[in-house]
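Step one of this worksheet: look at the structure below.
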Amino acid sequence: MVTRFAPSPTGLLHLGHVRSAIEGWRRARVAGGRFLLRIEDIDLGRCRPEFTAAIEEDLRWLGLSWDGPVRVQSRHLPDYAAVLDGLRGRGLLYPCFCTRADVARAVTAQGGARMGPDGPVYPGTCRALPAAERARRLRAGEPHALRLDMARALQAVPGPLFYRELGGSMPASGGPLRRETPGVAPGAGRLVRCDPAAFGDVVLARKDVPASYHLCVTHDDALQGVTLVTRGEDLRPSTDLHRLLQALMGWPEPLYAHHPLLLGPDGQRLSKSAGSRPIRAWREAGASPQAVLALAESAGVA
Numbered sequence: 083m084v085t086r087f088a089p090s091p092t093g094l095l096h097l098g099h100v101r102s103a104i105e106g107w108r109r110a111r112v113a114g115g116r117f118l119l120r121i122e123d124i125d126l127g128r129c130r131p132e133f134t135a136a137i138e139e140d141l142r143w144l145g146l147s148w149d150g151p152v153r154v155q156s157r158h159l160p161d162y163a164a165v166l167d168g169l170r171g172r173g174l175l176y177p178c179f180c181t182r183a184d185v186a187r188a189v190t191a192q193g194g195a196r197m198g199p200d201g202p203v204y205p206g207t208c209r210a211l212p213a214a215e216r217a218r219r220l221r222a223g224e225p226h227a228l229r230l231d232m233a234r235a236l237q238a239v240p241g242p243l244f245y246r247e248l249g250g251s252m253p254a255s256g257g258p259l260r261r262e263t264p265g266v267a268p269g270a271g272r273l274v275r276c277d278p279a280a281f282g283d284v285v286l287a288r289k290d291v292p293a294s295y296h297l298c299v300t301h302d303d304a305l306q307g308v309t310l311v312t313r314g315e316d317l318r319p320s321t322d323l324h325r326l327l328q329a330l331m332g333w334p335e336p337l338y339a340h341h342p343l344l345l346g347p348d349g350q351r352l353s354k355s356a357g358s359r360p361i362r363a364w365r366e367a368g369a370s371p372q373a374v375l376a377l378a379e380s381a382g383v384a
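Counting the sequence shown from 1 gives a position; my numbering is that position plus 82.
Laid out in structure tokens, this is it:
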């Protein structure tokens, strides 16, 4: 078994991150497998090297060791560019010159937006651009994003897509999972049908982010031989799109285990944007690693 923890260094780790790290770390250790650390810093405008250093320091303090070198995505931009080139060569990508204001106007003109997992679904304005105009605007150096032509992508894969969900959470004892999916043998998981079309023509790259989270995470999971992806329930919808990218690129299909999110006293999930208390603050307050790990596995935070 190979699992991974893949945080973005846009801030300090909080208990929600630790909850996610524990899931992959325990499953790998109990199975005698490998636990990898990956730094997803592809958003060059928001990520900071000091946060990368803090992530590694906090994980070591908690006793969550990893195997092998840390993969830092910003050091591998040519890898992702090669994937984009391959998709473009197959006619599955197109340049989108629309600004956010352009998209908002198009959505209004259509009477409102269909909502997808990543927000409003793009109305496809630039998909229909004449080839000559597209080429002219590219030669002129107009800023643009690269979007996946969802209709063509779905035509390029045979039949419907599914993933296998193990579910449950690994307890501190390392014993059986707290929950198994009813009617499914332990460890087998349940089959979940995917609906990547719900994303519409999703952005896979743009000027300020040379490759999207969706593309980078699926590429790296395949490259690193990840066999079980453990992550929060909030990322479950992304799995549908990730299975499409795996099918398009011929990458292996891992198993998935989406764990419940850790909630704060207000009932909202912990997040950096909401100012959730970082692990460093718990350390400075004198908490032990064992106490912080126990808090990260609780249903809520007082």
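Glycine included, C-beta positions come from ideal geometry on N, C-alpha and C.
Quick one, are the C-beta atoms of residue i and residue j less than 7 Å apart?
{"i": "LEU343", "j": "GLU315", "result": "yes"}
{"i": "LEU230", "j": "PRO278", "result": "no"}
{"i": "ALA217", "j": "LEU174", "result": "no"}
{"i": "ALA304", "j": "TYR162", "result": "no"}
{"i": "MET83", "j": "THR312", "result": "no"}
{"i": "PHE179", "j": "GLU224", "result": "yes"}
{"i": "GLY271", "j": "GLU247", "result": "yes"}
{"i": "ASP125", "j": "VAL239", "result": "no"}
{"i": "GLY198", "j": "ALA280", "result": "yes"}
{"i": "GLY205", "j": "ALA188", "result": "A quick correction: the sequence has Pro, not Gly, at residue 205. In contact: PRO205 and ALA188 (Cβ atoms closer than 7 Å)."}
{"i": "HIS226", "j": "PRO151", "result": "no"}
Could you spell out the range, first to last residue, of the beta strand (DSSP E) harbouring residue i?
{"i": "CYS178", "result": "175–178"}
{"i": "THR312", "result": "310–314"}
{"i": "TYR245", "result": "244–247"}
{"i": "PHE133", "result": "Element bounds for PHE133: not the beta strand (DSSP E) but the alpha helix (DSSP H), 131–144."}
{"i": "VAL274", "result": "272–275"}
{"i": "LEU230", "result": "227–230"}
{"i": "ALA287", "result": "285–287"}
Which residue wins for smallest C-alpha separation from residue i, given the options the options?
{"i": "ARG116", "options": "PRO177, ASP322, GLU335, PHE87", "result": "PHE87"}
{"i": "GLY114", "options": "GLY98, ARG318, TRP148, PRO91", "result": "TRP148"}
{"i": "GLY307", "options": "LEU337, VAL285, TYR295", "result": "LEU337"}
{"i": "GLN237", "options": "ASP167, ARG130, ARG172, ARG157", "result": "ARG172"}
{"i": "GLY249", "options": "VAL185, GLY150, GLY198, ARG109", "result": "ARG109"}
{"i": "HIS341", "options": "MET331, ARG318, VAL112", "result": "ARG318"}
{"i": "ALA135", "options": "LEU119, GLY127, ASP125, GLY150", "result": "LEU119"}
{"i": "CYS276", "options": "VAL152, LEU243, LEU375", "result": "LEU243"}
{"i": "MET331", "options": "SER320, ASP302, ARG359", "result": "ASP302"}
{"i": "LEU94", "options": "LEU141, LEU126, GLY127", "result": "LEU141"}
{"i": "ALA376", "options": "MET197, GLU105, MET232", "result": "GLU105"}
{"i": "ARG182", "options": "VAL154, GLY241, GLN155, ARG288", "result": "ARG288"}
{"i": "ASP200", "options": "CYS208, SER156, VAL285", "result": "VAL285"}
{"i": "ARG170", "options": "MET232, MET197, THR207, VAL100", "result": "MET232"}
{"i": "TYR245", "options": "VAL112, SER320, HIS226", "result": "SER320"}
{"i": "ARG153", "options": "LEU220, VAL299, THR207", "result": "VAL299"}
{"i": "VAL274", "options": "PRO334, ALA339, ALA191, GLY168", "result": "ALA339"}
{"i": "TRP333", "options": "GLY193, LEU297, ALA363, GLY368", "result": "LEU297"}
From the DSSP output, read off the bridge partner residues of residue i.
{"i": "LEU344", "result": "None, per the DSSP bridge assignment."}
{"i": "VAL154", "result": "ILE121"}
{"i": "ARG86", "result": "LEU118"}
{"i": "TYR338", "result": "GLU247, VAL311"}
{"i": "HIS96", "result": "PRO360"}
{"i": "PRO202", "result": "MET197"}
Whole-angstrom Cβ separation of residue i and residue j, contact assumed at under 8 Å?
{"i": "ARG365", "j": "TRP143", "result": "6 Å"}
{"i": "PRO202", "j": "ALA195", "result": "4 Å"}
{"i": "GLU122", "j": "SER90", "result": "5 Å"}
{"i": "HIS96", "j": "ARG359", "result": "6 Å"}
{"i": "LEU327", "j": "LEU228", "result": "Going by Cβ atoms, the distance from LEU327 to LEU228 rounds to 13 Å, so no, they are not a contact pair."}
{"i": "PRO371", "j": "GLY145", "result": "6 Å"}
{"i": "ARG128", "j": "THR85", "result": "Not a contact, Cβ separation roughly 26 Å."}
{"i": "ILE361", "j": "VAL112", "result": "In fact, because the Cβ distance is near 23 Å, the residues do not count as touching under 8 Å."}
Under DSSP, the alpha helix (DSSP H) around residue i begins and ends at which residues?
{"i": "ARG371", "result": "Note on identity: in this sequence residue 371 is Pro, with Arg being the wrong assignment. Per DSSP, PRO371 belongs to the alpha helix (DSSP H) from 371–378."}
{"i": "THR300", "result": "295–305"}
{"i": "LEU327", "result": "318–331"}
{"i": "GLY168", "result": "159–171"}
{"i": "THR190", "result": "182–191"}
{"i": "ARG219", "result": "213–221"}
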